[in-house]
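Numbering (my numbering), first residue to last: -3 to 169.
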Ligand code: IMP
Ligand code: MG
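So this is what it looks like as structure tokens:
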């Protein structure tokens, strides 16, 4: 059955906000270089767009974790499907995520990556659903805070589709 997608955040609003974040983050790391870690697959659209507007030297790496399966409810499990290619020891690291929901994925990832001795470790998310938080996560940069609804687009999927939408939409099942 086809779902109806209602626009929540337009392409223009997202583009504008990402440019603002790139300015803010570039300023915060002035004189340094930044190692951006994208959490696949959802974070990829956000990270490429964000990195294009950064004005400091940037390197990138990718990591894939699974927690959800094909459901709209968290299974609570976090598994590393693909680890980073490079060491993060001594680097200023920024994790780039699509969305923080329960916070399970990120609280696990942050603890694990902290153990690898980066010079610093911060978190940037395009979307935050604070109402759904189960585990405390310190978010350093947030694109948009959104209400508790299942969203798709700009990297986010429903059953692996809709990631390519240039806007954020709410799925009406
Ligand atoms: P958390 O561990 O509950 O914070 O969930 C993190 C992951 O769940 C995100 O990186 C997404 O992949 C997925 N997720 C959470 N909320 C949504 C949503 O509204 N739409 C699509 N995926 C979501
Ligand atoms: Mg994700």
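For each residue, glycine too, the CB sits at the ideal point set by N, CA and C. For clarity, every value in this text was computed on a predicted model and none was experimentally measured.
At least one heavy atom of the ligand IMP falls within 8 Å of the beta-carbon of residue 95. Going by DSSP, residue 109 is part of the alpha helix (DSSP H) stretching over 100 to 110. Here residue 128 has 97, 98, 144 as same chain residues with Cβ atoms under 7 Å from its own Cβ, once five neighbours each way along the sequence are excluded. The residues 14, in chain order, have a CB closer than 7 Å to that of residue 45 in the same chain once the five nearest residues on each side in sequence are set aside. For residue 155, there is no enclosing beta strand (DSSP E), since its DSSP letter is neither H nor E. If the five residues before and after residue 75 are omitted, its C-beta is found closer than 7 Å to the C-beta atoms of 61, 62, all from its own chain and listed in chain order. A straight-line Cα-Cα distance of about 21 Å links residue 169 and residue 94. Membership of residue 45 in the alpha helix (DSSP H) is indicated by the continuous run 40 to 48. A check of alpha carbon separations from residue 113 across 85, 102, 124 identifies 85 as the nearest.
If only uninterrupted beta strand (DSSP E) runs of at least 3 residues are considered, those enclosed by the stretch 105 to 151 are 116 to 124, 137 to 141. With 16 or more other Cβ atoms inside 10 Å of its own Cβ, residue 121 counts as buried.
Under the 8 Å Cβ criterion, the stretch 19 to 33 does not count as touching the stretch -1 to 10, having fewer than three qualifying pairs. Annotation: the continuous beta strand (DSSP E) that includes residue 36 extends over 30 to 36.
Taking every protein chain shown into account, the CB of residue 139 has 16 or more other CB atoms within 10 angstroms, so this residue is buried. Looking at the DSSP output, residue 2 sits in a beta bridge with 166. In this structure, the beta-carbon distance from residue 100 to residue 132 does not fall below 9 Å.
Within a 10 Å sphere around the beta-carbon of residue 47 sit 16 or more other beta-carbons, which makes this residue buried.
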